[in-house]
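Before any comments, here is the structure.
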Amino acid sequence: MKNRSIRIKGLLAMLLLPLATYAQDAGATVDHNNFWENAFGSIVLLAGAIVVLAALMAIVRLFSVIVKMEELRVLKEKGVEEIAEQYKQPQESWWKKFMKSATQYVPVEKEEDIMFDHEYDGIRELDNRLPPWWLWMFYASIIFAAVYWTVYHIADGPSLIDEYNKEMEVAQAKIDEYMATKADAIDENTVSLLTDEESLSMGQSTFETLCMPCHGMHGEGNAIGPNLTDDYWLHGCGIKNVFHTISNGVIEKGMQAWKEQLRPVEIQRVASYVVYKLHGSNPENAKAPQGELCKPQESGDTEAAPDKAPTEEATE
0 MKNRSIRIKG LLAMLLLPLA TYAQDAGATV DHNNFWENAF GSIVLLAGAI VVLAALMAIV
60 RLFSVIVKME ELRVLKEKGV EEIAEQYKQP QESWWKKFMK SATQYVPVEK EEDIMFDHEY
120 DGIRELDNRL PPWWLWMFYA SIIFAAVYWT VYHIADGPSL IDEYNKEMEV AQAKIDEYMA
180 TKADAIDENT VSLLTDEESL SMGQSTFETL CMPCHGMHGE GNAIGPNLTD DYWLHGCGIK
240 NVFHTISNGV IEKGMQAWKE QLRPVEIQRV ASYVVYKLHG SNPENAKAPQ GELCKPQESG
300 DTEAAPDKAP TEEATE
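Below, the structure written as structure tokens:
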């Protein structure tokens, strides 16, 4: 057996040596050939290697058959017929051995050994064992049930509701992350009215910092800017028009364009604060109306401010 292994290794080395030499020469000249020539050469080399390996496998297979036949001949000459018969019997594959151990089936020729004595209408029953794989699954389900009960009903494992809430939190975080990336994509055509307190509070802070000098603390207007609380507007009403005015400014009237200093989402918050909070608040010392009477529906802006409860300033 040792000599056979040595001969096989030597044969393999001799067969692969020319391929290695050819590959080395091809590598040295690869810079002087174009792509298609290199590709064709690689395909030919690969095909040749496959043919050589297939021939080598056939030779090894034939050699092993010859060796086995020689062993059987020697055993017969020495009178060891029983051992020779065992060699003749085909060996079971690993899959067949696995299936035999997993199912514990009884061969047909041995069914008489496990047959019950009783019969019904000529039908007799076999005392087969339960398949081991079925028993393994049954035992595994028992263990799983015990572990599940311990973790989720005795210990503090998360319940279905807890897992659902956690998944909702993860989903909301992804939504917030996505919306944060889309915040700067807002323009006067896609802007929508914000009504949540957080956005309005941020819009109010920006208004009181940047807009108050020209429009008053409560949007009542002053000597510089118009009143923002009545139904009269100089440059259109509604969230879209107000967003456009804040973004691009009104240069001829001294209002600068804020789109270079504020992000679109910040302008959206300020515009929403003006439309939703300041409009209709009727503050004290309000400046006289300027511009034309305008309502969001009439201006084509369907994003109108919803009905609001009267503010304290409006009731005074």
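Each step along the sequence shown adds one to the number in numbering that gives the first Met the number 0, with nothing skipped, and position 207 is 206.
Glycine is no exception: its CB is placed at the ideal position from the N, C-alpha and C atoms.
Residue i, buried or exposed, once every other Cβ within 10 Å from all chains shown has been counted against 16
i	result
residue 129	exposed
residue 72	exposed
residue 270	buried
residue 142	exposed
residue 217	buried
residue 268	buried
residue 316	As displayed, the chain neither begins before 0 nor continues past 315, which places residue 316 out of reach and without an answer.
residue 284	exposed
residue 30	Any reading at residue 30 is ruled out, since the residue's pLDDT is 47, under 50, leaving its predicted position unreliable.
residue 106	exposed
residue 193	buried
residue 273	buried
residue 137	exposed
residue 307	Only weak support is given to the placement of residue 307: the predicted model assigns it a pLDDT of 48, under 50, and the question is left unresolved by the model.
residue 266	buried
residue 219	buried
residue 347	A question about residue 347 goes unanswered here, because the residues of the chain that appear run from 0 up to 315.
residue 200	exposed
residue 99	exposed
residue 225	buried
Secondary structure of residue i, DSSP reduced to three states
i	result
residue 152	helix
residue 278	coil
residue 130	coil
residue 316	Nothing in the structure corresponds to residue 316, since the chain is present only between 0 and 315.
residue 48	helix
residue 144	helix
residue 284	coil
residue 24	Annotation note: pLDDT 47 at residue 24 (below 50); position unreliable, no value reported.
residue 66	helix
In DSSP terms, what residue i is bridged to
i	result
residue 119	122
residue 249	254
residue 114	125
residue 104	BP columns for residue 104 are empty, so no partner.
residue 291	232
Opening and closing residue of the alpha helix (DSSP H) in which residue i lies
i	result
residue 91	Run containing residue 91: none; DSSP gives neither H nor E here.
residue 265	263 to 271
Any chain B beta carbon closer than 7 Å to residue i
i	result
residue 68	Given the protein chain composition of this structure (a single chain), no chain B is represented.
Q.
Just to confirm the assignment: which complete alpha helix (DSSP H) runs, minimum length 4, are found wholly within the stretch 158 to 227?
A. Counting whole runs of 4 or more residues, the stretch 158 to 227 contains the alpha helix (DSSP H) stretches 159 to 181, 196 to 205, 211 to 214.
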